[in-house]
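Engineer: Okay, here's the structure, questions in a sec.
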Amino acid sequence: MLTHMPCAPLDSDHHAAVPVRADSFRTSRVPTPLAPIVPMHLDTDVAVIGGGVAGLTVACQLAAAGQRVTLFEARSRLGGRVVTATAAPLVDTPWLDLGPAWFWPHQQHIRALVAHFGLSVFEQHRAGLAMYDAGDGRAPQPFDASGQTARSYRVVGGMGALVQALVTASQTGPHPVTVHRDAAIRTLTRHDDGVVLNGDGFHCTAGRVIVAAPPRVVARDIKFAPPLADRVVETLRSTVTWMAHAMKCVVTYDAPFWREAGRSGYAISWGGPLQEIHDACVPGHDRPTPDRHPAGYALMGFVAPPTGVAAQGFRAANREERRAAVLSQLVRLFGDRAQRPVDYAEYDWSRETQTCGQDDALPPGAHPEYGHPLFEGGAAGDSWQGRLVWAGADTVADGGGYLDGAVASARRAAATVLALRTAT
Ligand SMILES: Cc1cc2nc3c(=O)[nH]c(=O)nc-3n(C[C@H](O)[C@H](O)[C@H](O)COP(=O)(O)OP(=O)(O)OC[C@H]3O[C@@H](n4cnc5c(N)ncnc54)[C@H](O)[C@@H]3O)c2cc1C
4 MLTHMPCAPL DSDHHAAVPV RADSFRTSRV PTPLAPIVPM HLDTDVAVIG
54 GGVAGLTVAC QLAAAGQRVT LFEARSRLGG RVVTATAAPL VDTPWLDLGP
104 AWFWPHQQHI RALVAHFGLS VFEQHRAGLA MYDAGDGRAP QPFDASGQTA
154 RSYRVVGGMG ALVQALVTAS QTGPHPVTVH RDAAIRTLTR HDDGVVLNGD
204 GFHCTAGRVI VAAPPRVVAR DIKFAPPLAD RVVETLRSTV TWMAHAMKCV
254 VTYDAPFWRE AGRSGYAISW GGPLQEIHDA CVPGHDRPTP DRHPAGYALM
304 GFVAPPTGVA AQGFRAANRE ERRAAVLSQL VRLFGDRAQR PVDYAEYDWS
354 RETQTCGQDD ALPPGAHPEY GHPLFEGGAA GDSWQGRLVW AGADTVADGG
404 GYLDGAVASA RRAAATVLAL RTAT
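What follows is the structure, given as structure tokens:
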């Protein structure tokens, strides 16, 4: 089974998030007001923990329903598992997705959100023959993968454009969401009339809390008083953070030479660090000029799990060694032209502590079954009396693990909070 077949505003200093470097690439800066990390006390109707797609979506929905919403994000950037990078100055690559890139036609929730924001989409390139490398010394062979690859779509501007649209939406309307970055929540304490959230140097009183951080990260990092019931803790610990183990490498070129040779760019390989490779070109690019290198042409690969022989030692090697290993594999699959990239980017999600813990360092054997009933409604054990509501891609059955699930979970959490408010 392949891992991935497609196919802060207490002041308004407007500093963009500290960019996360992906080698020569810069992640897109999502401009949100920057909250000061000073001792402070906040008061809000609903606190949202986690500024990924789920947290941002539920924050927007509740703010639109008239709730005072405060969102706390541990990282200095928003988006969570969504990272869209921009390229080095001389390279005219507008964007590269180093986290999620695709959504699929059957995924109604993410499709509706993308359509709601009027984002342009395009179909993942699949035309041409795929390549298969058995890794046994024989030359890689072309094959027809048209029956294996499902139609999928990408967003123009990358998934970062979706995060940017959510951030913009969160700041418009009569009830803008208060967003705090660099604001990890450490403890949650339930009181009779609400919950107190504590972070480093701040605390916040909220009527209800929506936890939209990955369940395993929550179980590891957040202390609950009263403690969560054992079965809830067990459920959090056993919920896989989808793709947390993943590492993506993206190589950009000044021409789509594989397409010109009748290849789709899709490859399955056991002969190097990348196990699954895809065309990652972005639309609307021309040939290079003397002073500009339009590098809208790219190949992207998922690094094989560390247990795979071909990828052993890859993540521990230095960047130059990794780059060389990736290029050598692409040469083997697509010819000598692959040796002349414009740029190379990589992103190892297993090193991101807010995404990946020890239990997620290796991939599950198959796509997990998501959607434990304990994540539904305000159920976090009776002791929390509906004050705690779960969201996040990994908490729903419908689209579990995917962006679609993140949006579905946000809708569920918003409906739960509004229903609980009406009931009390
Ligand atoms: C390499 C890769 C490729 C992927 N490809 C696809 C794809 O093509 N299509 C697809 O649909 N999905 C894909 N996914 C999955 C997709 O990225 C996720 O489903 C989605 O982004 C999860 O959103 P989320 O908001 O639920 O969680 P996250 O994005 O993980 O957001 C959770 C947020 O909580 C924050 N947080 C954690 N702890 C705390 C704390 N204590 N206090 C405050 N904040 C905290 C984190 O920093 C993070 O920002 C991919 C993922 C990866 C890594």
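Here our numbering = 1-based position in the sequence shown + 3.
Virtual Cβ for every residue (Gly too), placed ideally from N, Cα, C.
1. Count the other CB atoms, across all protein chains shown, that sit within 10 Å of the CB of arginine 184; report buried if there are 16 or more and exposed otherwise.
2. Anyone know if the C-beta pair for arginine 129 and tyrosine 269 falls short of 8 Å?
3. With a threshold of 16 other CB atoms inside 10 Å of the CB of alanine 264, please say whether the residue is buried or exposed.
4. So what's serine 272 in DSSP terms, helix, strand or just coil?
5. Contact check, glycine 58 vs leucine 74 under 8 Å by CB: the rounded distance?
6. Is the distance from the Cβ of alanine 283 to the Cβ of serine 173 below 8 Å?
7. State yes or no: is the C-beta of arginine 78 nearer than 7 Å to some heavy atom of ligand 1?
8. Which full runs of the beta strand (DSSP E) of 3+ residues lie inside the segment 201-236, going along the chain?
9. Taking glutamine 357 and valine 220 to be in contact with their CB atoms under 8 Å, please state how far apart those CB atoms are, rounded to whole angstroms.
10. Where are the beta strand (DSSP E) runs, 3 residues long or more, that stay fully inside the segment 39-84, in chain order?
11. Would you say threonine 208 and valine 214 are within 8 Å of each other, going by their C-beta atoms?
12. Excluding sequence positions up to five away, which residues of its chain have a Cβ less than 8 Å from the Cβ of glutamine 315?
13. Please tell me whether glutamine 110 and aspartate 407 are closer than 8 Å, where the distance is taken between their beta carbons.
14. Just reading off the alpha helix (DSSP H) that tryptophan 261 is part of, what are its end residues?
15. Between proline 103 and ligand 1, is the CB less than 7 Å from at least one heavy atom?
16. Write down the C-beta distance between glycine 176 and glycine 82 rounded to the nearest angstrom, noting that I regard them as a contact closer than 8 Å.
17. Measuring from the CB of leucine 406, is there a heavy atom of ligand 1 at a distance below 7 Å?
18. Bridge partners for glutamine 144 per DSSP, in chain order?
19. Can you tell me where the alpha helix (DSSP H) holding arginine 340 begins and where it ends?
20. Excluding the 5 residues flanking leucine 421 on each side, which residues of the same chain have their C-beta closer than 7 Å to its C-beta?
21. Which residue wins for smallest C-alpha separation from aspartate 46, given the options Gln70, Gln64, Ala232 and Thr60?
22. Could you give the DSSP three-state label for tryptophan 387: helix, strand or coil?
23. Smallest Cα separation from glycine 204: which of Arg193, Arg189 and Asp195?
24. Going by other Cβ atoms of all chains shown within 10 Å of its Cβ, with 16 needed for buried, is phenylalanine 28 buried or exposed?
25. Can you check which of these residues, Thr60, Arg84, Ile52 and Val334, is closest to cysteine 359 by C-alpha distance?
26. Verify whether the separation of the beta carbon atoms of valine 236 and alanine 222 is less than 8 Å.
27. Give me the DSSP bridge partner(s) of cysteine 252.
28. May I ask you to check if the CB of glutamine 357 is nearer than 7 Å to at least one heavy atom of ligand 1?
29. Cβ of tyrosine 373 within 8 Å of Cβ of alanine 400?
30. Going by DSSP, what residues sit across from histidine 183 in a beta bridge?
31. If you reduce the DSSP assignment to three classes, tell me which class valine 33 lands in.
32. Report yes if the CB atom of serine 155 is closer than 8 Å to the CB atom of phenylalanine 106, and no otherwise.
33. Under 7 Å from any heavy atom of ligand 1, does the C-beta of aspartate 224 make it?
34. Does threonine 35 pass the burial test, meaning 16 or more other C-beta atoms within 10 Å, or should it be called exposed?
35. Between the beta-carbon of threonine 419 and the beta-carbon of glycine 380, is there less than 8 Å?
36. According to DSSP, what are the bridge partners of leucine 277?
Structural biologist: Here's the rundown:
1. buried
2. Going by C-beta atoms, arginine 129 is nearer than 8 Å to tyrosine 269.
3. exposed
4. strand
5. 6 Å
6. no
7. Answer for arginine 78: yes, Cβ within range of ligand 1.
8. 205-214 and 226-228
9. Between valine 220 and glutamine 357 the Cβ distance is about 6 Å, and since that is below 8 Å, they are a contact.
10. 43-52 and 72-75
11. no
12. Pro309
13. yes
14. 260-263
15. yes
16. About 21 Å; that fails the 8 Å criterion.
17. Leucine 406 Cβ: within cutoff of ligand 1.
18. Tyr135
19. First-last for arginine 340: undefined, no H or E at that position.
20. Ala68
21. Gln70
22. helix
23. For the residues Arg193, Arg189 and Asp195, the minimum Cα distance to glycine 204 belongs to Arg189.
24. Only weak support is given to the placement of phenylalanine 28: the predicted model assigns it a pLDDT of 39, under 50, and the value that follows is read from those uncertain coordinates. So phenylalanine 28 counts as buried.
25. Answer by Cα proximity: Arg84.
26. yes
27. Gly304 and Glu349
28. Yes, the Cβ of glutamine 357 comes within 7 Å of a heavy atom of ligand 1.
29. yes
30. Phe75
31. A caution first: valine 33 carries a pLDDT of 46, below 50, which makes its placement in the model too unreliable to give a value.
32. yes
33. yes
34. Low per-residue confidence applies at threonine 35: pLDDT is 49, beneath 50, and the placement is therefore not dependable, though the value from the model is reported in the following sentence. Burial call: buried.
35. yes
36. Val306
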